[in-house]
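In order, the protein sequence lines correspond to chains A and B. First residue of the first sequence: 2, per this note's numbering; consecutive thereafter. First residue of the second sequence: 2, per this note's numbering; consecutive thereafter. Every residue gets a Cβ at the ideal spot worked out from N, C-alpha and C, and that includes glycine. Only a predicted model underlies this, so the values are computations on that prediction, with no experimental measurement involved. Structure first, then comments.
Number of protein chains: 2
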Amino acid sequence: MKPGTGAAGKYALTPIGVIRSPLKSVRAAPNFYTEGAPRAAIEVYAAYRRGLSRMKAGDEIIVITWLHRARRDVLKVRPEDDPARPITGVFSSRSPSRPNPLGLHRVKVLEIEEGRVRVGPIEAVDGTPVLDIKPVVSEADDS
Amino acid sequence: MKPGTGAAGKYALTPIGVIRSPLKSVRAAPNFYTEGAPRAAIEVYAAYRRGLSRMKAGDEIIVITWLHRARRDVLKVRPEDDPARPITGVFSSRSPSRPNPLGLHRVKVLEIEEGRVRVGPIEAVDGTPVLDIKPVVSEADDS
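Written as structure tokens, this is what we have:
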């Protein structure tokens, strides 16, 4: 199977929400949230809001996104386009370009109101589909 | 949209490999890798092996799996089936049952040979599809 050709319906994802952020373009997106990404919100769709039960301000969560503007036909990248860094396989890189453009973002919950989860700095542009939210369960397991 | 109905082809995933483990059933799977999960291997399919370039023994990685035996129509669960714990939304739980059955596993690379990545203890059963592998980039960002 050629990379980037996609799969059968068997592995079909359903967005459960969307990122609402002042960050409007990939070009403006920092590489890591430590580099000044803005706070944002996860708008969870009505059909999935029951899944937020018991989430509260202060929780550390992992947001899994669909990096909808990334390329899927790439297997090697130059990290952060830095000429000083060697070409690297995508599986040893956090580049958004990869066969399955899944993004992982660890953030803190600031406030939850009616399916809107306000979170700390997150390096995802406005409109990015959200696929899952998981709690960080321990420092050792905070994958 | 009803939970669990799946999405259009737009969000279709392509497995890049598969878990090879002595763990053969969900019933036998521990809840967390700290509870005695066995070492396993990620068999990366030939078409994606270039993506492993520069990965090496000792690397800490995050493996994203498709929890193919999980239910997708569940929004609340009782964590670990423990009657002492309250019913919780799936987004505040690490239950495999959730709208998009994505699993996150932080493991250490033990050895890489011909597209076979041997890793430390991982709570995923034999045959679990692998969707992505990412490096842990820092303790603060090891989402």
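Beta-carbon contacts of residue i that lie in its chain and below 6 Å, excluding the five residues immediately before and after
i, result
"Ala23 of chain B", "Reading off the sequence, residue 23 of chain B comes out as Pro, not Ala. Counting only Cβ-Cβ distances below 6 Å, and skipping sequence neighbours, we find Pro39."
"Val75 of chain B", "Ser98"
"Lys135 of chain A", "Ile63"
"Arg107 of chain B", "Ile63"
"Arg72 of chain A", "Ser98"
"Leu68 of chain A", "Pro97, Pro102 and Gly104"
Contact test: residue i Cβ vs the ligand PLP heavy atom, cutoff 7 Å
i, result
"Val137 of chain B", "As presented, the structure is devoid of all ligands, the ligand PLP included, so that no description of it is given."
Cβ neighbour criterion (16 or more within 10 Å) applied to residue i
i, result
"Lys25 of chain B", "exposed"
"Glu81 of chain A", "exposed"
"Arg86 of chain A", "exposed"
"Pro118 of chain B", "Looking at the sequence provided, one finds Val at residue 118 of chain B rather than Pro. By the neighbour-count rule (16 or more Cβ atoms within 10 Å), Val118 of chain B is buried."
"Lys11 of chain A", "exposed"
"Val126 of chain A", "buried"
"Pro84 of chain B", "exposed"
"Gly104 of chain A", "buried"
"Gly52 of chain A", "buried"
Residue-level contact to chain E via CB, residue i, 8 Å cutoff
i, result
"Asp74 of chain B", "Judged by its chain identifiers, the structure shown contains no chain E, and its protein chains are A and B."
Contact set for residue i: own chain, Cβ-Cβ below 7 Å, skip 5 residues either direction
i, result
"Val131 of chain A", "Pro16, Ile17, Gly18, Val19, Ile20, Ile43, Val64 and Thr66"
"Arg50 of chain A", "Gly116"
"Val137 of chain A", "Glu61, Ile62, Ile63, Arg107 and Asp143"
Contacts around residue i, its chain only, beta-carbon distance under 8 Å, and the 5 residues preceding and following it disregarded
i, result
"Ala58 of chain A", "Val110, Leu111, Glu112 and Ile113"
"Arg70 of chain B", "Val27, Pro97 and Val126"
"Thr89 of chain A", "Lys77, Val78, Arg79 and Pro80"
What are the residues of the region 82–97 of chain A that lie near chain B, defined by any Cβ-Cβ distance shorter than 8 Å? Listed by position along the chain: Pro87, Ile88, Thr89, Gly90, Val91, Phe92, Ser93, Ser94 and Arg95.
Where are the beta strand (DSSP E) runs, 3 residues long or more, that stay fully inside the region 34–118 of chain B, in chain order? Those beta strand (DSSP E) runs which fall completely within the region 34–118 of chain B and span 3+ residues are 41–45, 61–67 and 103–114.
Got a sec: which bits of the region 52–67 of chain B sit with their beta carbon under 9 Å from any beta carbon on chain A, in order along the chain? Flagged, chain order: Gly52, Leu53, Ser54, Arg55, Met56, Lys57, Asp60, Ile62, Ile63, Val64, Ile65 and Trp67.
Under 8 Å, CB to CB, which of the residues in the region 110–123 of chain A have a partner in chain B? Flagged: no residues at all.
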